[in-house]
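Protein chains in written order, with the working numbering: chain A, 400 to 874; chain B, 400 to 874; chain C, 400 to 874. In this text, a Cβ means the ideal position worked out from N, Cα and C, and glycines have one as well. Since this is a predicted model, take the numbers as computed values, not measurements. Report on the structure given below.
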Amino acid sequence: MISRLLLLVLFVNVAGCGTGSDQYDTSKMDLKPVPAKVSSERIKGAFASGASLSLGAELKPLDSSPIKDVRLDTTHKIIEIAPGVKFSAWTFGDQVPGPTVRARVGDKIRFTMTNRSDEMVPAVQLVAAPMMHSMDFHAAMVSPQGKYRSIAPGQTITFEFTLNYPGIFMYHCGTPMILEHIASGMYGAVVVEPRGGYPTKVDREYVIVQSEFYAKPDPGKRKIDGAPLYVLDGERLRASQPSYTVFNGAHNGMVGKPLPAKPGERVRLHVLNVGPSKTSSFHVVGTIFDRVWIEGNPDNQFRGMQTLLLGSSNSAIVEFMIPEAGSYIMVDHHFANASQGAIGLISTSAKAAEKELEHHNIPASMAPTDPDTVQGKLNFESKCLACHSVGQGRKLGPDVAGVTKRRPDVWLYKWMKAPEKMLETDAYAKAMLKEYNNIPMPNQNLSDAEIRQYIKYFHWIDSQPAGTTAVPGAH
Amino acid sequence: MISRLLLLVLFVNVAGCGTGSDQYDTSKMDLKPVPAKVSSERIKGAFASGASLSLGAELKPLDSSPIKDVRLDTTHKIIEIAPGVKFSAWTFGDQVPGPTVRARVGDKIRFTMTNRSDEMVPAVQLVAAPMMHSMDFHAAMVSPQGKYRSIAPGQTITFEFTLNYPGIFMYHCGTPMILEHIASGMYGAVVVEPRGGYPTKVDREYVIVQSEFYAKPDPGKRKIDGAPLYVLDGERLRASQPSYTVFNGAHNGMVGKPLPAKPGERVRLHVLNVGPSKTSSFHVVGTIFDRVWIEGNPDNQFRGMQTLLLGSSNSAIVEFMIPEAGSYIMVDHHFANASQGAIGLISTSAKAAEKELEHHNIPASMAPTDPDTVQGKLNFESKCLACHSVGQGRKLGPDVAGVTKRRPDVWLYKWMKAPEKMLETDAYAKAMLKEYNNIPMPNQNLSDAEIRQYIKYFHWIDSQPAGTTAVPGAH
Amino acid sequence: MISRLLLLVLFVNVAGCGTGSDQYDTSKMDLKPVPAKVSSERIKGAFASGASLSLGAELKPLDSSPIKDVRLDTTHKIIEIAPGVKFSAWTFGDQVPGPTVRARVGDKIRFTMTNRSDEMVPAVQLVAAPMMHSMDFHAAMVSPQGKYRSIAPGQTITFEFTLNYPGIFMYHCGTPMILEHIASGMYGAVVVEPRGGYPTKVDREYVIVQSEFYAKPDPGKRKIDGAPLYVLDGERLRASQPSYTVFNGAHNGMVGKPLPAKPGERVRLHVLNVGPSKTSSFHVVGTIFDRVWIEGNPDNQFRGMQTLLLGSSNSAIVEFMIPEAGSYIMVDHHFANASQGAIGLISTSAKAAEKELEHHNIPASMAPTDPDTVQGKLNFESKCLACHSVGQGRKLGPDVAGVTKRRPDVWLYKWMKAPEKMLETDAYAKAMLKEYNNIPMPNQNLSDAEIRQYIKYFHWIDSQPAGTTAVPGAH
């Protein structure tokens, strides 16, 4: 009697920590999906619908229905991926990333998608012509030829599948050239809970989707609302040299609007690295991941991690404590990626305070539109705010507001190019060194192109109404 | 009595799932290998031999002998890494990748290798001069200075070692400049089963070796059988910018000849990422990895993964179900790599059907030899087949067969460069738009060089006998 | 009675292998750190102090004190990252990488740092101007805005925190532009043991820190002790294209001075990949990792690995046996990285013997200073030593010492550019082929720039006193 009881306990234990192993019994899985249907019926109305969808970083609680009706239409749209950078994107549900689907092992997804890439959007039509699109759900176990087939503009596809494994699964367009469809914005996440839920309780749940953009100013110099249009840079794309790496679709995503949390709370992030081509070394400054569940499955558990490496189309759940009041900074610790915009905040205060600016790039206030000026602004904000403010007075170095009125361009050029030489020969430079406690301006090894961009940015600042372009320095 | 029985059960459990922990008792491992022998005896005959060897993707069952005699000679050889791309390679066993060795923990490998890089091969001799080579087995625990020493052309080395750990282990040439020896093709896999076998039963076993090629047309413009020779591109190699990323040695490896499997079957892939310098984000479209054993060792288990990240010289076993009839596409989900050829099929039909073309690049039929034309063909097949066929009639857009007879080159250039401008001003373009349901040609942001390559490819098509160059479009 | 006993055993088992799960009870963790203090007091004396610090690869035993006083001041310093490459670095504790802190879960770190980047160092001042710096400990759970704030030159910050998780944690400067601060050398490791120690016993413990350098000759052509100065290459940095990838701060780190170990010993490496932007595929030639503890935590265990993939700011403990006498070569098996210097030795002999040179790049003897010559030397040592020596006599090919006296530069250029053509037409080349057993020189596909660098290096050799530049070939 005793022995039977104990053996039962043992059996459960052998089955592994977490969620129970019978969920992996492939003989009980639904592996016989019904065929997809394609029609020429064009569905109108909202581009995305379904009770299981979350549109932003905040993840809605699980909808209890065992059948999830999900509709995600494809559209072509201009989105702003960084301040002043209006990019010609292709979308699911008219947003990048697409909405997040939340469901549970055993649930069925009934999916509908109309290819609406041909619907008239002012200015967009000429930029991104209608084209074939499709849907590939990594959460499904189905024949790609049936369910993931490409449909033409105006067509609608419907198919369904059962969720067999817990995890965070990518979805994306699978129409060739797939690389371009993903890089243009066609991706999102499906969060599948274990049948019995997660083994931990948390206070907050967010979705973080990392992805790369490969953007260049339109060679045809077209404009959107007066601002220059950016299009896909095929050369950078094929060489895996992104121009922006971002969270949730935007440069410095969630810096301007941090994700809220309170001291002492436990936070769960559902992290998906879309790629399309790079790894992410995900880290949150100021805390340690108590648990990491690789691919979002509690059976794949690590403890006490500082950083999590994810390949393209890899995912994980990370959970951690918020130790004290402050802003905890999400970054890709491949820091060249962080410098391209893969930065976001989880903050105990409603909005990012000035002090929080120290440890990350700065959200934009007013934005220029000329590409060089935009680049100058981005570089300045990531590189110079440690010592300079814009219109907020002197810090370790002078306020740059008004600098184009104080010094001629040629002087600014020489100064940025080789401050150490100017300090030997130029009277103004020498006086400035004295005024600023003998802390010289470091040589930043700038290229001529970079210096031109800075000077353009300074001129733009000085051409705006006073105060509108202010950016506080870090100190 | 009862308690003893139960404690025994517990002990087994504590020892970990899978293969039992005593296999890791380092005090019982063979760590005293006998010295290697190098002789000037030149062995003739087959370049590879041994009952434990598998030459292709299909993995032969375990040979039961506890001692595995393995012979892998080094050769220099011209191999075709992509349609029309004849590359000057260095090999083990006269193939790239080299043969796969299969063995079991406790088995002994008795290895022999003759450096036959100096044997006369027509045309090859001048391309790749004889040189030093060596063998580095990651499966062995031996002094590199003894066993992995370089031998000169005509020399033979023999050494032996015992397999102490289960896993999938890389082998490669370890002669400086190692990077170049690996990039030239000198690698393969050793599959070592746990002493007691694997804890699961599967229906199919395959070996997938991912690797990068860094190829450029020979600066000396030499030819092989009338086709241009490609040689190692040292600049790309050092910058980790591959020109091809492939499975089992060939661009779109196993697309033309898919690996067979049946609906409901369980498939085990032994995956090795050779590199030499990049990570792989391995994924199979249409299914989910039921089990992943990192480095091929069942003790390192993950469940329910969509994608698996592997560094250079990392490996894993992945197992998954084939849910229904169809073709399941292996890709590196670092999609810039997939676009370079890291694509293959596991299919329930004997050969890839037309429909399967939708989700991947297309196997070549007839192949051009001029490098620009080859590139144009590759680009066309990965990028344009969603909407165009070659000689198979109209799809979403026109059939490109005959296009050079219908339109002059200058028109084709303008059209590919800026279709949206042509649609505003050119009568032919306007008429075509109308004929094709007002779905305009998208601007692909092509460089002038790319457009030239497309036009060369179109001319090549139109110079061939009708029908010989046909490639079906996806729709 | 029996059943209770057994259930107790079961409970321990459920708690997981290794270090016990109560260490993860977040309700017992110290998550209420006291505020940091910043003062204008300038502390003098040693740049680093603390009983818990190890300055080099050898890791000192754990200091038993529950409170670890750690002082790491920031300095600006010229360091030699490769033979002849004097780089303008920023440091913690006046070395790159900074000292390693060793502690245990539950210990408290009391940290002090003075920003001494403004202290006069001959020649350095003008190169790297004083600037703001800060400290970000991945081992801490604290608000980044409080503890990781930037301090100005001359200021001192102090803060404390408790170690809640075991692992190997990165520390680095967190002042924008963070990417540049890390790339300039501001990083190190904190090793935190589990509360009850590690579950294995080892004979040796070392710390291996991998990092990238992005260096270019100073555009201003400044010199340090007569040698050219190298500065941060911002363009390469942002494009993630390092010029050197190294272990413990130096090209071919620990090749000249191998880490000692004896046959039969068990070695534990604490490996941290700093990045700032690349992954590492860490491997030791000639052995297999018996255990791998991801992030340095025994609860995250893998067995029998050949290679370990680490993202930027990822770490791991690897343990392995030294099977027999020899030199075991640590490499980043992303071999383009190994070729940039990510190579080191663990050797059973006091110093690297000649034979050991076979499997890796070669430590420098005398070093040139001209950047082209330096590059030529590095390329030669990684690429040509398989067949040539410098001043050590003939090997498979001729000794290159004296080659500029034997042949004119134009001949050397033609020979390296296209040896196969010279062998058809040039009498000297034909005679040499005959003399060297008809083994021709391989075409290395060198660029003109590379050939120029080789020729410069050969001239440098021939301008030095005989014997001072000798480098043995591999065979």
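- Query: Any idea if residue 404 (chain A) is buried or exposed, counting beta-carbon neighbours within 10 angstroms, 16 or more meaning buried?
  - Reply: The residue labelled residue 404 (chain A) in the question sits at position 5 within the first sequence. Residue placement at residue 404 (chain A) is poorly supported in this model, since its pLDDT is 40, which falls under 50; the coordinates still yield a value, given next. Per the 10 Å Cβ criterion, exposed.
- Message: My output table needs one value for residue 583 (chain B): the three-state DSSP class, helix, strand or coil.
- Response: Indexing the second sequence from 1 puts residue 583 (chain B) at position 184. Looking at residue 583 (chain B) - three-state DSSP - the assignment turns out to be coil, as it is neither helix nor strand.
- Item | Secondary structure of residue 752 (chain A), DSSP reduced to three states | Taking the first residue of the first sequence as position 1, residue 752 (chain A) is located at position 353. With a pLDDT of 41 at residue 752 (chain A), under the threshold of 50, the modelled position of that residue is not reliable, and the figure given next carries that caveat. Residue state, collapsed to three classes: coil.
- Got a sec: is the Cβ-Cβ distance from residue 435 (chain B) to anything in chain A below 8 Å? Here residue 435 (chain B) refers to the residue found at position 36 of the second sequence. No, residue 435 (chain B) does not count as interfacial toward chain A.
- Query: Looking at the C-beta of residue 631 (chain B), does it have a partner C-beta in chain C at a distance below 8 Å?
  - Reply: On the second sequence, position 232 is the one that residue 631 (chain B) refers to. Yes - at least one Cβ of chain C is within 8 Å of the one on residue 631 (chain B).
- Item | Proximity below 8 Å, CB of residue 561 (chain B) to CB of residue 615 (chain B) | Position 162 of the second sequence, counting from 1, holds the residue named residue 561 (chain B). Position 216 of the second sequence, counting from 1, holds the residue named residue 615 (chain B). Cβ atoms of residue 561 (chain B) and residue 615 (chain B): not closer than 8 Å.
- Query: Does DSSP put residue 784 (chain A) in a helix, a strand or coil?
  - Reply: Numbered from 1 along the first sequence, position 385 holds the residue referred to as residue 784 (chain A). Residue state, collapsed to three classes: coil.
- Query: Would DSSP call residue 541 (chain A) helix, strand or coil?
  - Reply: To locate residue 541 (chain A), count along the first sequence from 1; it is residue 142. If DSSP states are grouped into helix, strand and coil, residue 541 (chain A) belongs with coil.
- Query: How long is the line joining the alpha carbons of residue 712 (chain A) and residue 786 (chain B), rounded to whole angstroms?
  - Reply: For the purposes of this step, residue 712 (chain A) is taken as residue 313 along the first sequence, with counting starting at 1. For the purposes of this step, residue 786 (chain B) is taken as residue 387 along the second sequence, with counting starting at 1. Those two C-alpha atoms are separated by around 27 Å.
- Message: So, under 8 Å CB-CB, residue 830 (chain B) and residue 821 (chain B) are touching, yes? Tell me the CB distance rounded to an integer number of Å.
- Response: The residue given as residue 830 (chain B) occupies position 431 in the second sequence. The residue given as residue 821 (chain B) occupies position 422 in the second sequence. 11 Å between Cβ atoms; not a contact.
- Query: Do you know offhand how far residue 784 (chain C)'s Cα is from residue 513 (chain B)'s?
  - Reply: Residue 784 (chain C) sits at position 385 when you count from the first residue of the third sequence. Residue 513 (chain B) sits at position 114 when you count from the first residue of the second sequence. Distance between the alpha carbons of residue 784 (chain C) and residue 513 (chain B): 21 Å.
- Roughly how many angstroms separate the alpha carbons of residue 687 (chain C) and residue 585 (chain C), rounded to a whole number? In the third sequence, the residue the question calls residue 687 (chain C) occupies position 288. In the third sequence, the residue the question calls residue 585 (chain C) occupies position 186. Going from the Cα of residue 687 (chain C) to the Cα of residue 585 (chain C) covers about 32 Å.
- Message: Looking at the secondary structure, which residues open and close the alpha helix (DSSP H) in which residue 862 (chain C) lies?
- Response: Against the third sequence, residue 862 (chain C) aligns to sequence position 463. First-last of the alpha helix (DSSP H) with residue 862 (chain C): 847-862.
- Message: Do residue 451 (chain B) and residue 500 (chain B) count as a contact pair if the criterion is CB distance below 8 Å?
- Response: In the second sequence, residue 500 (chain B) corresponds to position 101, counting from 1. In the second sequence, residue 451 (chain B) corresponds to position 52, counting from 1. Their beta carbons are under 8 Å apart, which means residue 500 (chain B) touches residue 451 (chain B) by this criterion.
- Measuring CB to CB, does residue 498 (chain C) end up less than 8 Å from residue 447 (chain C)? To locate residue 498 (chain C), count along the third sequence from 1; it is residue 99. To locate residue 447 (chain C), count along the third sequence from 1; it is residue 48. Yes, the pair counts as a contact, with Cβ atoms nearer than the cut-off.
- Are the C-beta of residue 537 (chain A) and some C-beta of chain B separated by less than 8 Å? Here residue 537 (chain A) refers to the residue found at position 138 when the first sequence is read from its first residue. Output row for residue 537 (chain A): interface = yes.
- Message: With H, G and I counted as helix, E and B as strand and the rest as coil, what does DSSP make of residue 426 (chain C)?
- Response: As a working note, residue 426 (chain C) is residue 27 in the third sequence. Three-state DSSP puts residue 426 (chain C) in a helix.
- Query: For a contact meaning CB atoms closer than 9 Å, what does residue 623 (chain B) contact in chain C?
  - Reply: In the second sequence, residue 623 (chain B) corresponds to position 224, counting from 1. Under the 9 Å cutoff, chain C gives no residues; its nearest Cβ is about 14 Å from residue 623 (chain B).
- Message: So if DSSP puts residue 671 (chain C) in a beta bridge, which residue, or which two residues, is it bridged to?
- Response: Mapped onto the third sequence, residue 671 (chain C) falls at position 272. BP columns for residue 671 (chain C) point to C:608 and C:714.
- Query: Which one or two residues does DSSP pair with residue 729 (chain A) in a beta bridge?
  - Reply: On the first sequence, residue 729 (chain A) is found 330 positions in, with the first residue counted as 1. A:683 and A:743.
- Task: For residue 682 (chain A), return the contacting residues in chain C, with the cut-off set at a CB-CB distance below 7 Å.
- Result: Here residue 682 (chain A) corresponds to residue number 283 of the first sequence, with the count starting at 1. Those are 712, listed as they occur along chain C.
- Output yes if chain B places a C-beta closer than 8 Å to the C-beta of residue 668 (chain A); else output no. On the first sequence, position 269 is the one that residue 668 (chain A) refers to. For residue 668 (chain A), the answer is no, since every Cβ of chain B falls outside 8 Å of its Cβ.
- Item | Three-state secondary structure (DSSP) of residue 636 (chain B) | Start at 1 with the first residue of the second sequence, and residue 636 (chain B) comes out as number 237. Note: residue 636 (chain B) maps to helix in three-state DSSP.
- Query: How far does the beta strand (DSSP E) with residue 469 (chain C) in it reach, from first residue to last?
  - Reply: Within the third sequence, residue 469 (chain C) is the residue found at index 70, counting from 1. Unbroken beta strand (DSSP E) run through residue 469 (chain C): 466-471.
- Task: Name, going along the chain, the residues of the segment 626-657 of chain A whose beta-carbon falls closer than 9 Å to a beta-carbon of chain B.
- Result: 630, 631, 632, 633, 634, 636, 637, 638 and 639
- Message: DSSP three-state label for residue 771 (chain B), please.
- Response: If you number the second sequence from 1, residue 771 (chain B) lands on position 372. Here residue 771 (chain B) sits in helix by DSSP.
- Which residues bound the alpha helix (DSSP H) around residue 818 (chain A)? Sequence index remark: in the first sequence, residue 818 (chain A) carries index 419 (1-based). Here the alpha helix (DSSP H) through residue 818 (chain A) covers 818-824.
- Query: Rounded to the nearest angstrom, how far is the Cβ of residue 650 (chain C) from that of residue 740 (chain C), given a contact under 8 Å?
  - Reply: In the third sequence, residue 650 (chain C) corresponds to position 251, counting from 1. In the third sequence, residue 740 (chain C) corresponds to position 341, counting from 1. Right, the Cβ-Cβ distance comes to about 3 Å (below 8 Å), so this counts as a contact.
- Applying a beta-carbon distance threshold of less than 8 Å, which residues of chain A neighbour residue 722 (chain B)? Along the second sequence, read from residue 1 onward, the residue named residue 722 (chain B) stands at position 323. Ordered by position in chain A, the residues that pass the 8 Å Cβ test against residue 722 (chain B) are 430, 431, 432, 540, 541 and 542.
- Message: Just to confirm my understanding: we take residue 426 (chain B), look at its own chain, exclude 5 residues before and 5 after, and list those with CB closer than 6 Å. What are they?
- Response: For the purposes of this step, residue 426 (chain B) is identified with residue 27 of the second sequence, where counting begins at 1. So no residue of the chain qualifies.
- Query: Since residue 527 (chain C) meets chain A, which of its residues come closer than 9 Å, beta carbon to beta carbon?
  - Reply: Position 128 of the third sequence holds residue 527 (chain C). Simply 841 and 842.
- Message: Could you compute how far the alpha carbon of residue 558 (chain B) sits from the alpha carbon of residue 546 (chain B)?
- Response: Here residue 558 (chain B) is taken as the residue at index 159 of the second sequence, counted from 1. Here residue 546 (chain B) is taken as the residue at index 147 of the second sequence, counted from 1. Taking the straight line from one Cα to the other gives about 6 Å.
- Query: Are the segment 524-541 of chain A and the segment 549-558 of chain A touching, with three or more C-beta to C-beta distances below 8 Å?
  - Reply: yes
- Query: Can you tell which of C:800, C:683 and C:486 has its C-alpha closest to the C-alpha of residue 705 (chain C)?
  - Reply: Start at 1 with the first residue of the third sequence, and residue 705 (chain C) comes out as number 306. With distances taken between Cα atoms, residue 705 (chain C) lies closest to C:683.
- Hey, how far is the Cα of residue 652 (chain A) from the Cα of residue 691 (chain C)? In the first sequence, counting from the first residue as 1, residue 652 (chain A) sits at position 253. In the third sequence, counting from the first residue as 1, residue 691 (chain C) sits at position 292. Roughly 35 Å separates the two Cα atoms.
- For residue 701 (chain B), return the contacting residues in chain A, with the cut-off set at a CB-CB distance below 9 Å. By one-based count along the second sequence, residue 701 (chain B) stands at place 302. Near residue 701 (chain B) (Cβ distances below 9 Å), the residues of chain A are 693, 694, 696, 698 and 699.
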